[in-house]
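Everything in the sequence shown is counted per my numbering, starting at 4 for the first residue and increasing by one. Ideal Cβ placement from N, Cα and C applies to all residues, glycine included. To keep things clear, I will list the structure first and then write my remarks on it.
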Amino acid sequence: CWSVPIEGAIYADLLDKLAGVGQITDFDYDPNLEVDTFWDLGAPENTVVWYVQRKGDSYQVIDCDHKLALTTVSRVKHMKSKGFIFGSHYLPHDGASNQKGGLSFQEELSNAGLEGIRVVQRTNDPEIGIDRMRRLLLNFKFHKTNCDAGIAQLKMYRRKVDHAKDPTPKIVHDNASHYADALRTLAEAEGL
Numbered sequence: 004c005w006s007v008p009i010e011g012a013i014y015a016d017l018l019d020k021l022a023g024v025g026q027i028t029d030f031d032y033d034p035n036l037e038v039d040t041f042w043d044l045g046a047p048e049n050t051v052v053w054y055v056q057r058k059g060d061s062y063q064v065i066d067c068d069h070k071l072a073l074t075t076v077s078r079v080k081h082m083k084s085k086g087f088i089f090g091s092h093y094l095p096h097d098g099a100s101n102q103k104g105g106l107s108f109q110e111e112l113s114n115a116g117l118e119g120i121r122v123v124q125r126t127n128d129p130e131i132g133i134d135r136m137r138r139l140l141l142n143f144k145f146h147k148t149n150c151d152a153g154i155a156q157l158k159m160y161r162r163k164v165d166h167a168k169d170p171t172p173k174i175v176h177d178n179a180s181h182y183a184d185a186l187r188t189l190a191e192a193e194g195l
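Printed below as a string of structure tokens:
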């Protein structure tokens with residue numbers, strides 16, 4: 004109740020609602036249900052991965068990887084060590100782009116032993132994905148301990164208005180945007 008709302012926050016109001024109805028809490032995940040992952044790519048330590056189980060119309064976010072300076076091979080090993088039954092791994096559009104070594108990140112993950120990789124084409128307007136995410140978010144349940152840092156970043160995701168230069172709110176691209184963009188990958192995959 005003492006948190007100060009961030010001006011222009013995009014998801015904070017919905018996350019507060021989820022917390023208020025007990026949807027941000029520690030819970031046991033279903034070890035027999037597939038786990039899908041949703042990514043935002045950046046430098047290894049800026050790559051964010053959300054781990055999500057789908058139960059009917061609800062999404063149970065059971066884990067979040069962030070701030071891991073890992074090679075692709077080490078990242079896949081880390082993911083497999085969690086013991087989840089994986090379904091699909093959803094990468095943003097840049098997952099199919101060739102990197103310095105000539106392979107795409109999608110190909111690197113596949114070569115490292117990750118299966119079920121899908122590349123989600125982003126919409127031209129990120130506001131479409133944000134709107135989809137806002138509509139879906141009230142169907143989410145977050146594991147508090149495993150996702151606490153990610154939830155905090157989602158609350159800081161915001162738009163900023165510079166009335167002197169442009170009155171149209173612009174999405175702030177900072178650390179919080181990595182977490183939000185990874186979750187937006189889910190919203191855009193659902194919108195296909």
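Ends of the beta strand (DSSP E) at residue i?
i	result
Val52	51-58
His92	89-95
Thr171	169-174
What does the Cβ neighbour count give for residue i, buried or exposed, with the cut at 16 atoms within 10 Å?
i	result
Gly105	exposed
Ile88	exposed
Gln56	buried
His181	buried
Leu141	exposed
Glu130	exposed
Trp5	In this prediction, Trp5 scores a pLDDT of 47, lower than 50, which makes its location untrustworthy; no coordinate-derived value is stated.
Thr75	buried
His92	buried
Which value, in whole angstroms, describes the spacing of the CA atoms of residue i and residue j?
i	j	result
Ala179	Arg161	8 Å
Trp42	Pro170	31 Å
Ser77	Ala152	22 Å
Asp16	Ser107	37 Å
Asp184	Ala22	21 Å
Leu73	Val38	21 Å
Lys147	Pro172	30 Å
Val64	Val123	19 Å
Leu139	Ile13	13 Å
Tyr32	Asp165	43 Å
Lys168	Ile9	21 Å
His176	Phe30	32 Å
Ala115	Gln102	16 Å
Pro95	Val24	31 Å
Gly59	Ala190	16 Å
Along the chain, where does the alpha helix (DSSP H) that runs through residue i open and close?
i	result
Leu139	129-140
Ser61	Careful: Ser61 lies outside any alpha helix (DSSP H), inside the beta strand (DSSP E) at 61-68.
Phe108	108-114
Thr40	No alpha helix (DSSP H) holds Thr40; the beta strand (DSSP E) holding it covers 38-43.
According to DSSP, residue i sits in a beta bridge with which residue or residues?
i	result
Phe143	Tyr62
Phe30	For Phe30, which the question treats as bridged, DSSP gives no partner whatsoever.
Asp165	Asp169
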